[in-house]
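Student:
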Amino acid sequence: FPVDVQDLTISITSDHHLDTVLLVQDEDRFSTINREAFFDQQEWSLYEHVATEIRQTKEEYSFEHETGIEAKKHPVLAFTCRAARQPGYYYWNGFCLIFLITICAFCIFVISPNLPQSRLQITSTLLLTSITFRWVVNRSLPTVSYLTTLDKYAIISIFMLVLL
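Numbering (this note's numbering), first residue to last: 9 to 172.
Written out as structure tokens, the structure is:
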């Protein structure tokens with residue numbers, strides 16, 4: 009994140025068992041995507057390639073009067089395409105603003121060393137600004153269990169502010 013690619017999959021299955029129906033792809037025609045119907049074009053770029061996969065799913069407890077309880081298999085036809093996130097928004101509103109907040113910390117070297125209270129005041133204000141900005145940005149991002157590139161960049165900038 010923010011440079012990621014997601015798989016979008018549509019799975020078609022039948023309520024009938026595998027011995028009565030078979031889902032197959034038409035080998036004479038390519039699967040395509042109607043890009044005009046994709047409503048989130050501002051944030052994502054949709055790739056044109058569509059991959060198809062034929063698989064089976066198992067219904068563990070299906071009851072039939074003749075055979076009793078046994079696992080029945082159902083056909084599944086899955087269509088997968090990929091979408092890439094357009095990262096421009098996150099570069100300008102995330103990385104660039106964090107960089108500007110961090111670069112402002114170097115203004116403390118303009119202040120006389122005889123005024124440590126002024127230096128600490130500016131550094132503390134920028135540190136609180138950076139932490140608050142990170143908190144606000146994280147509220148608008150999807151929750152994931154790992155550190156994203158934007159998270160790592162923000163944490164490094166906070167450490168730089170602490171060291172200054």
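Where is the CB? At the ideal position from N, CA and C, for every residue including glycine.
Keep in mind it's a predicted model, so treat the numbers as computed, not measured.
Indicate whether residue 91 and residue 169 have their beta-carbon atoms separated by less than 8 Å.
Tutor: Taking the sequence shown and counting its residues from 1, the one referred to as residue 91 is at position 83. Taking the sequence shown and counting its residues from 1, the one referred to as residue 169 is at position 161. No, the Cβ-Cβ distance between residue 91 and residue 169 is not below 8 Å.
Student: Which residue or residues does DSSP assign as beta-bridge partners of residue 15?
Tutor: The residue you call residue 15 lines up with position 7 of the sequence shown. The partner list for residue 15 (beta bridge, DSSP) reads 90.
Student: Do you know offhand how far residue 147's Cα is from residue 167's?
Tutor: If you number the sequence shown from 1, residue 147 lands on position 139. If you number the sequence shown from 1, residue 167 lands on position 159. So the alpha carbons of these two residues sit roughly 21 Å apart.
Student: DSSP three-state label for residue 125, please.
Tutor: For the purposes of this step, residue 125 is taken as the residue at position 117 of the sequence shown. Of the three classes helix, strand and coil, the one that applies to residue 125 here is helix, per DSSP.
Student: Are the segment 149-169 and the segment 108-125 touching, with three or more C-beta to C-beta distances below 8 Å?
Tutor: yes
Student: So for residue 51, helix, strand or coil by DSSP?
Tutor: To locate residue 51, count along the sequence shown from 1; it is residue 43. DSSP places residue 51 in coil when its eight states are reduced to three.
Student: Quick one, which of 144, 104, 55, 21 has its alpha-carbon nearest residue 81's?
Tutor: As a working mapping, residue 81 is identified with position 73 in the sequence shown. Checked all of 144, 104, 55, 21; the closest Cα to residue 81 is 21.
Student: State the Cα-Cα distance for the pair residue 88 and residue 42, rounded to the nearest angstrom.
Tutor: Here residue 88 refers to the residue found at position 80 when the sequence shown is read from its first residue. Here residue 42 refers to the residue found at position 34 when the sequence shown is read from its first residue. Looking at the two C-alpha atoms, the distance is approximately 14 Å.
Student: Are residue 113 and residue 131 closer than 8 Å when you measure CB to CB?
Tutor: In the sequence shown, residue 113 corresponds to position 105, counting from 1. In the sequence shown, residue 131 corresponds to position 123, counting from 1. In contact: residue 113 and residue 131 (Cβ atoms closer than 8 Å).
Student: From residue 45 to residue 39, what does the alpha carbon distance come to, in whole angstroms?
Tutor: As a position in the sequence shown, residue 45 is number 37, starting the count at 1. As a position in the sequence shown, residue 39 is number 31, starting the count at 1. So the two alpha carbons sit approximately 15 Å from each other.
Student: Label residue 83 either buried or exposed according to how many other C-beta atoms from any shown protein chain fall within 10 Å of its C-beta, with 16 as the threshold for buried.
Tutor: The residue labelled residue 83 in the question sits at position 75 within the sequence shown. Its Cβ being crowded by 16 or more others within 10 Å, residue 83 is buried.
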